[in-house]
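Numbering (UniProt numbering), first residue to last: 1 to 325. Written below as structure tokens is the structure these notes are about.
Below you can see the structure in the form of structure tokens.
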């Protein structure tokens with residue numbers, strides 16, 4: 001079959017090539033009671049091929065069955081975690097003034113506290129949430145967590161908090177109104193919250209994304225373009241959308257000390273942002289040498305493990321952004 005698909009289909013004198021992904025499953029009465037059970041497992045094997053580059057085949061086996069079982073278990077646990085308040089928790093990483101070391105903001109980063117006490121990073125569960133179409137629920141969940149923290153009287157001195165926002169949310173017509181209502185209900189000023197969007201968040205429905213950003217900006221909320229420079233259309237988005245700032249992709253910051261090209265690119269981004277009156281945050285600062293280079297270049301804000309790893313609120317010194325104690 002795969003060999004057959006190497007030949008083009010001729011349609012109206014045009015050669016059209018097509019790829020082929022094949023999933024194979026052997027019937028087993030322990031697991032297959034209905035034809036639908038066979039189709040389910042064959043489909044799973046086929047998608048393994050698609051995710052691996054297509055034009056091949058995969059056989060559904062016990063290893064894949066265990067993987068699917070683990071995935072189903074994780075999906076159920078994630079659904080339950082979204083209904084609780086003690087498992088999916090925000091960790092906070094400071095954004096620091098490059099010149100003075102002053103704390104300027106926090107970024108809230110999701111972590112999953114497992115029943116056994118382990119803390120799991122987002123790379124382990126965000127893909128599952130996206131696959132289950134639960135990423136929008138996570139956005140609202142995180143926003144509620146952060147707004148509840150900012151609303152506490154003892155936290156009135158907190159700087160603004162950045163929260164990541166998915167394409168699903170920013171392109172949902174009711175999203176901006178829901179966020180503003182959430183803030184109003186808790187009596188939290190919109191300027192205390194900042195949304196971070198990647199380029200990918202703007203692709204699905206550019207017009208609705210632009211409208212949502214406009215509604216939020218009109219009430220004083222900031223929106224930043226995250227991972228600036230990592231995609232193909234960053235400059236275009238800066239031109240089209242009303243961002244309040246940019247976060248330079250960490251790939252440029254990691255190479256700052258060793259790459260003349262990285263320094264030139266970061267310097268150009270900083271100068272452009274200055275001319276457009278945009279804030280700039282350099283992500284991924286991990287050592288003093290990088291910080292000093294950013295200071296020399298003229299960058300104003302930085303974030304990274306050199307200042308602090310992301311911390312839970314109970315370990316956070318809000319005056320410095322570092323660990324308490």
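Note that CB positions come from ideal geometry on N, CA and C, so glycine has one too. All of these numbers come straight from a predicted model, not from anything done at the bench.
Nearest-angstrom Cα separation, counted from residue j out to residue i
i           : j           : result
residue 198 : residue 32  : 43 angstroms
residue 252 : residue 95  : 17 angstroms
residue 186 : residue 176 : 16 angstroms
residue 220 : residue 107 : 18 angstroms
residue 180 : residue 10  : 55 angstroms
residue 282 : residue 101 : 14 angstroms
residue 115 : residue 134 : 21 angstroms
residue 151 : residue 192 : 10 angstroms
residue 77  : residue 296 : 48 angstroms
residue 85  : residue 226 : 27 angstroms
Where the alpha helix (DSSP H) through residue i begins and ends
i           : result
residue 111 : No alpha helix (DSSP H) contains residue 111, which is instead part of the beta strand (DSSP E) from 103 to 113.
residue 270 : 260 to 275
residue 49  : 35 to 51
Local conformation of residue i per DSSP, three classes
i           : result
residue 241 : coil
residue 186 : helix
residue 17  : coil
residue 377 : Nothing about residue 377 can be reported from this structure: the residues present for the chain run from 1 to 325 only.
residue 27  : coil
residue 153 : helix
residue 282 : strand
C-beta atoms of residue i and residue j nearer than 8 angstroms
i           : j           : result
residue 203 : residue 213 : no
residue 257 : residue 290 : yes
residue 44  : residue 57  : no
residue 55  : residue 19  : yes
residue 278 : residue 236 : no
residue 105 : residue 190 : no
residue 269 : residue 307 : no
Element boundaries [beta strand (DSSP E), containing residue i]
i           : result
residue 23  : 21 to 24
residue 59  : 56 to 59
residue 223 : 222 to 228
residue 10  : 9 to 11
CB-CB length for residue i against residue j, believed under 8 angstroms
i           : j          : result
residue 146 : residue 90 : 6 angstroms
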